[in-house]
Amino acid sequence: MLVISRKTGESVVIGDGIEIVLLEVSGDKAVLGFNADRSIRIMRKELVSTVKENITAAEWSGSIHSKAVKPVKRSLGE
Amino acid sequence: MLIETQYLGAVEVPQENIISFPDGIYGFEDTKSFALVPRGIRDDSPMFLQAVGDTSPSFVVFEPGEFVNDFNPRVPDSDLRELGVSSAQELVFFVIAVIPPDIRCATANYKSPVAINKETRVGRQVILENKNYPLRFPIFEDALPQPEASGGKDVQPCL
Chain A
55 MLVISRKTGE SVVIGDGIEI VLLEVSGDKA VLGFNADRSI RIMRKELVST VKENITAAEW
115 SGSIHSKAVK PVKRSLGE
Chain B
10 MLIETQYLGA VEVPQENIIS FPDGIYGFED TKSFALVPRG IRDDSPMFLQ AVGDTSPSFV
70 VFEPGEFVND FNPRVPDSDL RELGVSSAQE LVFFVIAVIP PDIRCATANY KSPVAINKET
130 RVGRQVILEN KNYPLRFPIF EDALPQPEAS GGKDVQPCL
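As given, the protein sequences belong to chains A and B, one line each in that order.
Using the working numbering, the first residue of the first sequence is number 55, and each one after it goes up by one.
Using the working numbering, the first residue of the second sequence is number 10, and each one after it goes up by one.
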C-alpha cells in the first residue's frame, strides 16, 4: 500500500481528476474532502457492504414464508 | 392507508406506521417512504418494511431485542442530528434480516439498523459505532448446518 503523510489543508491527487483534501484531524478521526466529477461514486467502505446486504435482504425477503424457528437470545458484547 | 405489498397483497396500515426516509435505504435511495407492515397476527411475528408507492423493495425486519439481550446502539452524532433527536434513547430500531432459502442461515444486520424518530416518523439507516456489532448476525445459532455432524455430506454451509 502506498502511504503518504499529509498536513491539514494538503491534498493528494488520484488519476486526472480526483483530489482528496485532509481538512481536519482530531484524535483518531480525520475529516477528508473530495473533489471529483459527480459521476464518480464515493462511499465510506462500510456502506458498500451495507448496500450489498440490503440488496440481498430485498431479494430474499419472500423466504420468510417458510417455517419459523424460535431462536435463543444471545449477547452482542460491545 | 392502503399499501400494495410485495407478499401480502393490499394491506391497510395505520398512518403512524408510515415512515418517511429522506435519504432512502442504502442501495434504495429513491424510495423515500416505507410502511411497517405486520406479517401476521402473532405478536412476535416479524414485520415487513415495505416500500410505499411500489411493491418493492420489501425488507423483513425485527426489533433488535428479538435475538439479543443487550442491544445498546451508539449512533453517530451526525445521524442523531439528521433524525432530530439528542440521544439514541429517543429512537426506535429495527434490524434488517437476510432470509435465504435455507432459513437456518438467516442473519440480521446489527451493524446498520434502521432508526426511527417516534415523534416525527422519520427514519434513516445508520451505521452504528459499536465495533463488534456484525453485519451478519446469525439468527439461529443452534440451527446452523454442522458439516461434522453428517460427515460433511448433504449439508451446505451458510454463505
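Cβ atoms here follow ideal geometry from the backbone N, Cα and C, with glycine treated the same way.
This one's a predicted model, so the numbers in the text were calculated from it and none came from an experiment.
Check: Residues of chain A with CB under 8 Å from B/S42, in chain order?; Outcome: Residues of chain A passing the Cβ test: none, with the nearest at roughly 16 Å.
Check: Tell me whether the beta-carbon of B/A124 lies closer than 8 Å to the beta-carbon of B/I148.; Outcome: no
Check: Per DSSP, B/L11 is paired with what?; Outcome: B/E21
Check: Out of B/C167, B/Y35, B/S67, B/K41, which has the shortest C-alpha to C-alpha gap to A/M97?; Outcome: B/Y35
Check: Please identify, using Cβ separations under 7 Å, the residues of the stretch 59-78 of chain A that lie next to chain B, in order along the chain.; Outcome: none
Check: In or out: A/K121 buried (at least 16 other Cβ within 10 Å) or exposed?; Outcome: Low confidence applies to A/K121: its pLDDT is 48, below 50, so where it sits in the model is not reliable enough to give any reading.
Check: Here's the rule: buried if 16 or more other CB atoms are within 10 angstroms of the residue's CB, otherwise exposed. What is B/P143?; Outcome: exposed
Check: Residues of the stretch 92-118 of chain A with a CB closer than 7 Å to any CB of chain B: list them in chain order, please.; Outcome: E100, L101, S103, T104, V105, E107, N108, I109, T110, A111, A112, W114, S115, G116, S117, I118
Check: Going by DSSP, which residues form a beta bridge with B/F76?; Outcome: In DSSP, B/F76 forms no bridge with anything.
Check: Determine the direct distance from the alpha carbon of B/V46 to that of A/R60, and round the result to whole angstroms.; Outcome: 50 Å
Check: Could you tell me if B/P31 is buried or exposed, where buried requires 16 or more neighbouring beta carbons within 10 angstroms of its beta carbon?; Outcome: exposed
Check: Where in the stretch 70-104 of chain A do unbroken runs of the beta strand (DSSP E), each at least 3 residues long, occur, reported from the N-terminal end onward?; Outcome: 72-80, 83-89
Check: Show which residues of chain B have a CB atom less than 9 Å away from the CB atom of A/S80.; Outcome: What A/S80 touches in chain B: nothing, since even the nearest Cβ is about 13 Å away.
Check: Is the distance from the Cβ of B/I105 to the Cβ of B/V61 below 8 Å?; Outcome: no
Check: Please identify the residue among B/V107, B/R90, B/I108 whose C-alpha is closest to the C-alpha of B/L100.; Outcome: B/R90
Check: For a test of the three-state rule: what should DSSP assign to A/K106, helix, strand or coil?; Outcome: helix
Check: Beta-carbon separation of B/I27 and B/M10 under 8 Å?; Outcome: yes
Check: May I ask you to list the residues that DSSP assigns as paired with B/V70?; Outcome: B/M56, B/I105
Check: Would a check of beta-carbon distances place A/L86 closer than 8 Å to chain B?; Outcome: no
Check: Please state whether DSSP places B/S121 in a helix, a strand or coil.; Outcome: strand
Check: What number of angstroms, rounded off, separates the C-alpha of A/V75 from the C-alpha of A/A90?; Outcome: 11 Å
Check: Do you know how far the Cα of A/E132 is from the Cα of B/K140?; Outcome: 7 Å
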